[in-house]
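Asks: When we follow my numbering, the leftmost residue of the sequence shown carries the number 1115, and every step to the right adds one. Note that CB positions come from ideal geometry on N, CA and C, so glycine has one too. Computed from a predicted model, the values in this text were never measured in an experiment.
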Amino acid sequence: MKLLVNYSRGRGRKPIIAQAVRDTGVLINVERAVIDSSEGEALIDVPDEQCALVRDVMTGLGATVRILDHGIHHNDSECVDCGACVSICPREVFSFDKEWKLVCTENKCVLCGKCIEACPHRALSLPV
Ligand code: SF4
Ligand code: SF4
């Protein structure tokens, strides 16, 4: 299960991900992170059965945590199978089947958003 974690990195703040690993014993896979001197946003992947535990511990450490049930949303009715999203995706979420129809493997998605801009038919969107 993927979790989107936002947190402050102000003075005196503890390293949230490292502390959550220590406190829960859960091995957290960081799939994407954008961090500057004042705040951070990380997309992490944890085993489904430990998702609530990690969320609760991180929330207790001051983070805002959102459980993401889905990756990128592919609107099949708008898609024209042009393939513009295939090469731009860093996680190989998109491929073609035998009939050259686009296949979207959304559980590989790390919600970076790159494909949304690349799609000429606005067939891709982030989950709400
Ligand atoms: S949001 Fe990023 S990882 Fe997800 S499908 Fe689009 S390009 Fe790939
Ligand atoms: S870029 Fe858009 S229209 Fe083209 S294959 Fe991907 S989802 Fe379909």
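Give the DSSP bridge partners of SER1122, in chain order.
Replies: Note: SER1122 sits in a beta bridge opposite GLU1153.
Asks: Given that a residue counts as buried once 16 or more other Cβ atoms are within 10 Å of its Cβ, and exposed if not, what is ARG1136?
Replies: Flag for ARG1136 reads exposed.
Asks: In whole angstroms, give me the CA-to-CA distance for SER1152 and LYS1212.
Replies: In a straight line, the C-alpha of SER1152 is about 48 Å away from that of LYS1212.
Asks: Of all the options PHE1208, CYS1233, ASN1221, which has the alpha carbon lying nearest to the alpha carbon of LEU1182?
Replies: Out of PHE1208, CYS1233, ASN1221, ASN1221 has the C-alpha closest to the C-alpha of LEU1182.
Asks: Going by DSSP, what residue range makes up the alpha helix (DSSP H) through LEU1167?
Replies: Residues 1165 to 1174.
Asks: Give me the Cα-Cα distance between ASN1133 and VAL1207, rounded to the nearest whole angstrom.
Replies: The residue asked about is misnamed: residue 1133 is Gln in this sequence, not Asn. C-alpha separation (whole angstroms): 31 Å.
Asks: Is LEU1225 near ligand 2, with its Cβ less than 7 Å from a heavy atom?
Replies: No, the beta carbon of LEU1225 sits no closer than 7 Å to any heavy atom of ligand 2.
Asks: Have a look at THR1173 and ARG1123 and give me their C-alpha separation to the nearest angstrom.
Replies: The straight-line gap from Cα to Cα measures roughly 14 Å.
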